[in-house]
Each structure stands twice: as C-alpha cells, then as structure tokens.
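Read the structure below first, then the notes.
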Amino acid sequence: MKVLFLDKKLENIYLKIINKTRLSTKDGIILFNTFDLTGLGILADIVRKKIHNNKAYYIYNQHLNYTNICKNKCLFCAYGVDKENNKAYSWSINDIKEKLKKRINEPINELHIVGGINIDLDFNYYIDLLKTVKKIRPNAKIKAFTCVEIHHLSKISGFSLEKTICLLKDAGLDMMPGGGAEILNSRIRKKLFPQKIKGETWLKIMEIVHKNGITSNATMLYGHIETIEEKIAHLILLRELQDKTKGFSAFIPLAFHSKNTCLDYIPSTTSIDDLKNIAIARLMLDNFDHIKAYWVMIGEQLASVALSYGADDLDGTIIEEKITHRAGAKSAKGLTQNQMKDLIKNAGFKPIERDSFYNEIS
Ligand code: V47
Ligand code: SF4
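Throughout, the working numbering is defined as the position within the sequence shown, counted from one, plus 224.
What follows is the structure, given as structure tokens:
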C-alpha cells in the first residue's frame with residue numbers, strides 16, 4: 225500500500241519503518257518539526273498496530289502519595305512543599321491502612337506509590353509501608369518509588385543501591401514507576417531541578433533495578449524549557465538502556481502543567497504537542513512494548529485520540545491523583561472501569577484490562 229504524505233520528508237521515514245530500520249536523531253528532528261500531524265499519526269499507528277493490533281490496555285489501580293513534604297524543590301513541581309507549609313502532610317502506616325481498607329471491595333490490582341523526599345521518614349517506614357500494603361492487598365502488585373526515592377533510600381539506609389533495591393523487593397516491591405527522569409540532560413536539570421539526581425544517576429539506578437529482576441517504566445516531562453534535540457537525546461538514552469537490560473515496560477510522555485509552580489508563565493502544551501510527543505516516542509522507542517497516554521495529564525478525550533497516534537495504554541482508574549491536579553490539570557480525579565472501557569471502545573479499540581506486567585485479566 226502506498227501512503228501519500230503531505231510532508232514529503234516523512235516518506236523516507238515511512239520506508240525505514242516498514243523495513244524495521246532504527247530511526248536516527250536526524251529522523252527525530254524531522255518528526256518533531258513536521259506540520260503533517262496526520263502523516264505522523266499514520267506512521268505511529270503502523271508500528272502500534274503491528275505490536276498490539278486493536279488492543280488498548282488499562283489497569284484498575286489506586287495511587288498512594290504518602291507524603292508531599294520534599295526537600296528537592298524542583299521548579300516545575302506544585303506538589304512538593306516544606307514541612308512548615310499548611311498543605312504539608314505525611315501519612316502514617318495507619319493512614320495507609322485506612323486508605324487501602326476504604327477501597328478494599330474494589331478489584332484493584334496495582335498500587336502506585338510515590339511521594340516527596342521527606343527527610344523525617346526513616347528506611348523502616350518504607351519497608352513497613354510495602355509490607356503493610358502487601359498484607360492488606362496480597363493479590364495486587366506494588367509499583368512504587370522513583371529512582372529519586374531509591375537514591376534517597378540508599379543514602380539514609382547506608383546500603384548500596386543494589387542492596388536497597390533487594391530489601392525493597394523482599395518487602396513487596398514488584399515494579400517501579402518511570403518518574404524522576406524528566407529530561408535526562410544536565411542543562412535542564414541544573415536550571416530546573418538542581419537538587420534532584422543527575423540524569424546519569426537515574427539511568428544507572430534503572431540499570432541496577434532491571435538487573436535485579438524489577439521491571440520499570442520510563443517517563444519524559446515535556447512542554448517547559450526543553451529543546452527538540454534534548455527530547456530526542458532523552459529518547460535515545462532510554463532506547464540504549466533498553467537494548468542493554470530489556471527492563472522497561474512502558475514509556476510515558478508527561479505534559480508539563482505550570483499552575484502553582486515557579487514556572488507558571490509557561491503556557492500549557494497544545495493537543496498537537498501532546499499527540500506529537502506520543503507518536504514520536506512510539507517511532508523512536510522501537511524496543512519498548514508500550515506507550516502510555518496518561519489521561520490525567522492530557523485529559524481523557526485526547527488520551528483516547530492518542531490511541532490512534534501510537535499509544536496502546538491509558539494507564540488506570542486512579543481516583544486520587546494529586547501531583548498533576550495540584551499543578552492545574554483539568555482532567556477528572558479518577559475514572560470508573562466503565563468510563564475507561566467506553567473511552568477505548570469509542571476510539572475504535574478493544575479494551576483490555578491488564579495487571580502491572582501487561583498480563584490480560586479476563
Ligand atoms: O517525575 C511533577 C511529573 C512525575 C509535574 O510509571 C509533573 O506508570 C507535569 O512519573 N506537570 C511523577 N508533570 C508521575 C509519574 C508517573 C505517572 C503515571 C504513571 C507512571 C508510571 C508514572 O510527574 C514526576 C514529574 O515528571 N510532574 N510535576 C507538573 N507540574
Ligand atoms: Fe519533590 Fe518530586 Fe516535586 Fe521534585 S518533583 S519537588 S522530587 S515531589
């Protein structure tokens with residue numbers, strides 16, 4: 225079948241895609257600069273359909289953001305606060321038990337647990353947290369702690385990164401979310417979040433995590449001060465690590481929301497930006513199985529459109545999302561399973577409920 229592209233520069237990339245040739249930095253630049261969103265969508269959809277046909281995944285999950293107290297002060301973040309702030313909170317293990325018990329009758333099969341870097345919590349708290357969650361929800365998988373938290377835990381416990389990860393695994397950690405990657409570039413990191421771990425450290429921790437049998441996701445925060453070249457370099461670094469470890473499960477582009485942050489002069493990303501970042505991720509990350517359209521960030525309607533632009537997963541039902549809503553996200557705070565299924569069906573795909581490892585739940 226011959227495909228006609230409005231942007232003739234996409235023709236060469238089309239040939240590479242059907243011949244399964246890896247895309248280069250130069251190709252990535254062409255894709256980010258194209259005016260032909262439809263053509264870009266067609267390319268991403270070819271790849272997406274080859275892997276997943278008409279399946280689109282979602283998960284029944286619960287978010288637990290155990291503390292918003294954070295020492296890191298990333299300029300893009302509206303969630304982390306000082307402990308003196310009147311919005312500061314830190315859940316005790318009993319609070320966590322209550323949060324879990326409140327929803328015990330729901331068929332939740334993943335707990336997504338992340339929080340700020342709160343220096344008042346000791347290593348035992350994290351071990352107790354995992355053990356408590358596992359005890360109350362033995363059949364659900366625990367996806368917890370970004371590399372930023374793992375790095376902090378290794379520092380406060382005095383254990384090596386490897387030992388820290390193994391202890392967390394023994395306490396119930398099943399997989400890790402992809403947060404903290406932001407843009408893996410030192411210019412951006414120094415300007416926007418100098419206190420956070422370096423890009424190299426994020427990659428090194430992920431490598432150790434994967435080598436110890438824990439799979440993870442990867443993210444990219446876009447729509448702030450990053451350049452196209454920095455985004456492509458980020459994707460290529462992830463692709464290279466994936467070649468080495470095969471430990472990444474999904475990639476999630478995260479659209480920056482600036483409300484209540486130090487960067488509140490930066491306008492929201494457009495729908496075109498959001499679809500482009502998803503489609504380009506699908507094309508550049510040829511060794512990732514899954515690309516998530518995280519509906520919390522881009523809204524549920526656009527997320528369902530993104531299923532035709534390379535995404536195959538809408539993430540989960542969630543209910544209590546805090547991080548993006550604090551930064552002005554206008555999406556719902558949660559979706560029911562039926563709303564999730566309808567979004568997928570209305571976009572022309574078959575909804576598949578999954579667990580954390582993309583096993584299908586019948
Ligand atoms: O690392 C923080 C981002 C991330 C803002 O792995 C912001 O399945 C936009 O990583 N505007 C945490 N983004 C969330 C995350 C995640 C979410 C859903 C699924 C998975 C997964 C991972 O949120 C942070 C940061 O990149 N973030 N503030 C903001 N104002
Ligand atoms: Fe803290 Fe994470 Fe917010 Fe940075 S993004 S200030 S590490 S909560």
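Just so it is clear, CB atoms sit at the ideal spot from N, CA and C, and this is done for glycine as well.
Can you tell me which of the three DSSP states residue i falls into?
{"i": "Lys325", "result": "helix"}
{"i": "Lys415", "result": "helix"}
{"i": "Asn663", "result": "As shown, the chain starts at 225 and ends at 586. That puts residue 663 outside it, with no answer to give."}
{"i": "His375", "result": "helix"}
{"i": "Tyr446", "result": "strand"}
{"i": "His481", "result": "coil"}
{"i": "Ile515", "result": "strand"}
{"i": "Asp260", "result": "coil"}
{"i": "Leu459", "result": "helix"}
{"i": "Gly382", "result": "coil"}
{"i": "Cys390", "result": "helix"}
{"i": "Lys359", "result": "helix"}
{"i": "Ser410", "result": "helix"}
{"i": "Gly340", "result": "coil"}
{"i": "Glu464", "result": "helix"}
{"i": "Thr249", "result": "helix"}
{"i": "Leu299", "result": "coil"}
{"i": "Glu544", "result": "coil"}
{"i": "Lys320", "result": "The question names Lys, yet the displayed sequence has Ile at residue 320. Looking at Ile320 - three-state DSSP - the assignment turns out to be helix."}
{"i": "Ala395", "result": "helix"}
{"i": "Gly265", "result": "helix"}
{"i": "Leu255", "result": "helix"}
{"i": "Lys273", "result": "helix"}
{"i": "Glu454", "result": "helix"}
With which residues is residue i paired in a DSSP beta bridge?
{"i": "Pro575", "result": "Ala280"}
{"i": "Ser440", "result": "Met400, Phe472"}
{"i": "Glu584", "result": "Arg578"}
{"i": "Val305", "result": "Ile293"}
{"i": "Ser314", "result": "Thr291"}
For residue i, which option in the options has the closest C-alpha, if you only look at C-alpha atoms?
{"i": "Pro477", "options": "Phe259, Ile504, Tyr282", "result": "Ile504"}
{"i": "Asn318", "options": "Asn278, Val357, Arg578, Asn511", "result": "Val357"}
{"i": "Asn583", "options": "Phe256, Ile266, Thr245, Tyr282", "result": "Tyr282"}
{"i": "Leu499", "options": "Thr425, Phe480, Leu261", "result": "Leu261"}
{"i": "Ala442", "options": "Gly340, Tyr290, Asn511, Phe300", "result": "Asn511"}
{"i": "Asp269", "options": "His514, Ile543, Arg413", "result": "His514"}
{"i": "Ser248", "options": "Leu335, Tyr349, His458", "result": "His458"}
{"i": "Phe472", "options": "Leu230, Ser384, Lys516, Gly523", "result": "Lys516"}
{"i": "Phe417", "options": "Asp566, Cys486, Gly540", "result": "Cys486"}
{"i": "Cys390", "options": "Lys414, Ile432, Ser410", "result": "Ile432"}
{"i": "Lys240", "options": "Phe259, Leu267, Asp231, Phe256", "result": "Leu267"}
{"i": "Ile332", "options": "Val305, Tyr349, Arg361, Lys323", "result": "Arg361"}
{"i": "Lys483", "options": "Met521, Gln466, Lys295", "result": "Met521"}
{"i": "Asn342", "options": "Lys307, Lys311, Ala395, Thr469", "result": "Lys307"}
{"i": "Glu454", "options": "Asn236, Gly252, Thr245, Leu228", "result": "Gly252"}
{"i": "Phe369", "options": "Leu230, His336, Tyr518", "result": "His336"}
{"i": "His549", "options": "Cys298, Lys295, Ser381, Ala479", "result": "Ala479"}
{"i": "Tyr313", "options": "Lys326, Leu353, Lys321, Cys294", "result": "Cys294"}
{"i": "Asp579", "options": "Gly265, Asn285, Tyr238", "result": "Asn285"}
{"i": "Lys365", "options": "Ile374, Asn409, Lys355", "result": "Lys355"}
{"i": "Pro491", "options": "Gln419, Ile449, Thr469, Lys569", "result": "Ile449"}
{"i": "Arg272", "options": "Glu544, Ile351, Trp315, Ala530", "result": "Ala530"}
{"i": "Lys554", "options": "Gln525, Glu577, Ile421, Gly540", "result": "Gln525"}
{"i": "Asn570", "options": "Ile542, Glu545, Ala527, Ile543", "result": "Ala527"}
{"i": "Lys420", "options": "Leu509, Lys321, His434, Ala405", "result": "Ala405"}
{"i": "Asn348", "options": "Met564, Phe383, Lys274, Met444", "result": "Phe383"}
{"i": "Ile351", "options": "Ile374, Ile547, Gly340, Glu330", "result": "Ile374"}
{"i": "Leu264", "options": "Gln563, Asp497, Asp537, Asn562", "result": "Asp497"}
{"i": "Gln563", "options": "Leu228, Leu397, Leu538, Lys435", "result": "Leu538"}
What first and last residue would you give for the beta strand (DSSP E) that runs through residue i?
{"i": "Lys365", "result": "365-368"}
{"i": "Leu538", "result": "537-540"}
{"i": "Asn285", "result": "285-288"}
{"i": "Leu335", "result": "334-337"}
Going by DSSP, what residue range makes up the alpha helix (DSSP H) through residue i?
{"i": "Lys435", "result": "423-435"}
{"i": "Val529", "result": "524-530"}
{"i": "Tyr533", "result": "Careful: Tyr533 lies outside any alpha helix (DSSP H) and carries neither H nor E."}
{"i": "Lys240", "result": "233-242"}
{"i": "Lys565", "result": "561-570"}
{"i": "Lys500", "result": "495-508"}
{"i": "Ile547", "result": "547-550"}
Between residue i and the ligand COA, is there a pair consisting of the residue's CB and a ligand heavy atom that are separated by less than 7 angstroms?
{"i": "Tyr350", "result": "The ligand content of the structure shown is limited to the ligand V47 and the ligand SF4, which means the ligand COA is not among them."}
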